[in-house]
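K.L.:
What follows is a single structure, and I will ask about it in a moment.
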Amino acid sequence: MPQLSRTNTISCSSCHLLNAGGTDQSERSTGVEQRRTDVNTPTVFNSASNFKQFWDGRAETLEDQIDHPTHGFNEMDSNWIDITNKLKLSPEYQAAFAELYAQGIQSATIKDAIATFERSLSTPNSRFDRFLQGDVQILSEQEKEGYRLFKSYGCASCHQGVGIGGNMFQRFGVMGDYFADRGKPTKADLGRFNVTGNEADRHLFKVPGLRNVALTAPYFHDGSTRSLEEAVMVMAKYQLGRQLSSEELHRIVSFLKTLSGEYKGEAL
Numbered sequence: 005m006p007q008l009s010r011t012n013t014i015s016c017s018s019c020h021l022l023n024a025g026g027t028d029q030s031e032r033s034t035g036v037e038q039r040r041t042d043v044n045t046p047t048v049f050n051s052a053s054n055f056k057q058f059w060d061g062r063a064e065t066l067e068d069q070i071d072h073p074t075h076g077f078n079e080m081d082s083n084w085i086d087i088t089n090k091l092k093l094s095p096e097y098q099a100a101f102a103e104l105y106a107q108g109i110q111s112a113t114i115k116d117a118i119a120t121f122e123r124s125l126s127t128p129n130s131r132f133d134r135f136l137q138g139d140v141q142i143l144s145e146q147e148k149e150g151y152r153l154f155k156s157y158g159c160a161s162c163h164q165g166v167g168i169g170g171n172m173f174q175r176f177g178v179m180g181d182y183f184a185d186r187g188k189p190t191k192a193d194l195g196r197f198n199v200t201g202n203e204a205d206r207h208l209f210k211v212p213g214l215r216n217v218a219l220t221a222p223y224f225h226d227g228s229t230r231s232l233e234e235a236v237m238v239m240a241k242y243q244l245g246r247q248l249s250s251e252e253l254h255r256i257v258s259f260l261k262t263l264s265g266e267y268k269g270e271a272l
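So the number in this note's numbering is just where the residue sits in the sequence shown, counting from 1, plus 4.
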């Protein structure tokens, strides 16, 4: 639906490609007039399982979330008056909305329609899901060892629940100053602090869910890490204070690759 954008050139699927892990696989996404977003685009898959939306958690619900890209200067740069007026020019949209909503085309019904679709974007039946359901042979010994390390080293303290994450905030750089080491600080690096203004929320981010994580590079809010191996090493260093051996790294990455699920019965 490119009509959501001021220039009729950017739709939700411009940044959330369902054939690319629900992301655009770019460090930053491109909005109207080639403007670049401030953070890496999170996957749209399984977003309904997140306790809040966006890296900084500024939206409580999927419906609330839709206001941000549609109005964001670097994204769609539009407003609901223009969006609804454009959609009302389409006989197809007029008929579709009239069939589903007595109110017809309004901002609330547009948001409800998009959020309803987003709630359908779940990716169950990963090999790890089947392992938890009792198929103990579906994972290799190396993948099982990676799962053991994932738990024993503390990764599962934050990456847990249905989404294997997405249900809490955590500081990026618990065991080291990630931002000082990376350099070139940005406002987006402040994370949750940008929403609340509370000093305790500086560098706090929503923990991302790890379902399909092998498909959603580059990683982190800044999109700074291109490979899953590098992302695991960064997490081990700055969140756990660990230096992984090459074998430990290989085992954990092997486990993470078992988290890729299915959409509409097809493997992602």
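Ideal Cβ positions, reconstructed from N, Cα and C, are used throughout, including at glycine.
Which two residues bound the contiguous beta strand (DSSP E) that contains LYS210?
P.N.:
208 to 210 is the span of the beta strand (DSSP E), which, as asked, contains LYS210.
K.L.:
In its own chain, which residues sit with a C-beta less than 8 angstroms from the C-beta of ASP3, not counting the 5 before and 5 after it?
P.N.:
No information on residue 3 is available, as it lies outside the stretch 5 to 272 that the chain covers here.
K.L.:
Does the region 232 to 243 come within contact of the region 188 to 207, defined as at least 3 CB pairs closer than 8 angstroms?
P.N.:
Judged by Cβ distances under 8 angstroms, the region 232 to 243 makes no contact with the region 188 to 207, as fewer than three pairs qualify.
K.L.:
Which class does ARG196 belong to by DSSP, given the choice of helix, strand or coil?
P.N.:
ARG196 carries a coil assignment under DSSP once its states are collapsed to helix, strand and coil.
K.L.:
Any idea if ASN50 is buried or exposed, counting beta-carbon neighbours within 10 angstroms, 16 or more meaning buried?
P.N.:
Buried.
K.L.:
Can you list the beta strand (DSSP E) stretches of 3 or more residues lying completely in the region 114 to 200, in chain order?
P.N.:
Within the region 114 to 200, the complete beta strand (DSSP E) runs of at least 3 residues are 173 to 175.
K.L.:
Between which two residues does the alpha helix (DSSP H) carrying THR74 extend?
P.N.:
THR74 -> alpha helix (DSSP H) spans 66 to 75.
K.L.:
Please report how far the alpha carbon of PHE135 lies from the alpha carbon of GLU266, in whole angstroms.
P.N.:
15 angstroms
K.L.:
At 3 residues or longer, what runs of the beta strand (DSSP E) sit wholly inside the region 198 to 267?
P.N.:
208 to 210
K.L.:
Could you name the residues of the same chain whose beta carbon sits closer than 6 angstroms to that of ALA192, not counting the 5 residues immediately before and after it, in chain order?
P.N.:
Closer than 6 angstroms at the Cβ level, and outside the excluded window around ALA192, lie ASP42 and VAL43.
K.L.:
Could you tell me which residues DSSP pairs with GLU270 in its beta bridges?
P.N.:
TYR267
K.L.:
Am I right that GLY170 and GLY213 are in contact with their C-beta atoms under 8 angstroms? What's the rounded C-beta distance?
P.N.:
4 angstroms
K.L.:
Using CA atoms only, rank isn't needed, just tell me which of ASP205, GLU270, THR47 and ASN12 is closest to LEU91.
P.N.:
ASN12
K.L.:
In three-state DSSP terms, what is THR34?
P.N.:
Of the three classes helix, strand and coil, the one that applies to THR34 here is strand, per DSSP.
K.L.:
In three-state DSSP terms, what is THR88?
P.N.:
helix
K.L.:
Where do the N-terminal and C-terminal ends of the alpha helix (DSSP H) with GLN98 fall, by residue?
P.N.:
Looking at the DSSP string, the run of the alpha helix (DSSP H) that includes GLN98 is 95 to 104.
K.L.:
Using a threshold of 9 angstroms, state whether the C-beta atoms of ALA52 and ARG123 are closer than that.
P.N.:
yes
K.L.:
Pairing CB atoms from the region 137 to 153 with CB atoms from the region 242 to 261, are three or more of them under 8 angstroms?
P.N.:
At 8 angstroms Cβ cutoff, the stretches touch.
K.L.:
Please name the residue in ASN78, SER130, PRO189 and VAL48 whose C-alpha comes closest to that of PHE121.
P.N.:
VAL48
K.L.:
Does DSSP put LEU8 in a helix, a strand or coil?
P.N.:
helix
K.L.:
Please identify the residue among ALA204, HIS163 and ILE118 whose C-alpha is closest to the C-alpha of PRO73.
P.N.:
ILE118
K.L.:
Would you identify the three-state DSSP class for ALA63, choosing helix, strand or coil?
P.N.:
strand
K.L.:
Are the beta-carbon atoms of PHE101 and ARG39 separated by less than 9 angstroms?
P.N.:
no
K.L.:
Please list, in chain order, all residues of the same chain as LYS261 whose beta carbon is under 6 angstroms from its beta carbon, the five residues on each side excluded.
P.N.:
ALA218
K.L.:
Where does ASP139 land, buried or exposed, given buried means 16+ other C-beta within 10 angstroms?
P.N.:
With fewer than 16 Cβ atoms within 10 Å of its Cβ, ASP139 is classed as exposed.
K.L.:
Residue range of the alpha helix (DSSP H) that SER82 falls in?
P.N.:
From DSSP, SER82 is part of no alpha helix (DSSP H); its letter is neither H nor E.
K.L.:
Can you tell me where the alpha helix (DSSP H) holding SER17 begins and where it ends?
P.N.:
16 to 19
K.L.:
Using C-beta distances below 8 angstroms, list every residue in its chain close to THR88, excluding the 5 sequence neighbours before and after it, in chain order.
P.N.:
Closer than 8 angstroms at Cβ, skipping near neighbours: ILE109, GLN110, SER111 and ILE114.
K.L.:
Take the Cβ of ASN273 as the centre, count every other Cβ of all protein chains shown within 10 Å, and call the residue buried at 16 or more, exposed below.
P.N.:
Absent from the model: residue 273. The displayed extent of the chain is 5 to 272, so no value can be given.
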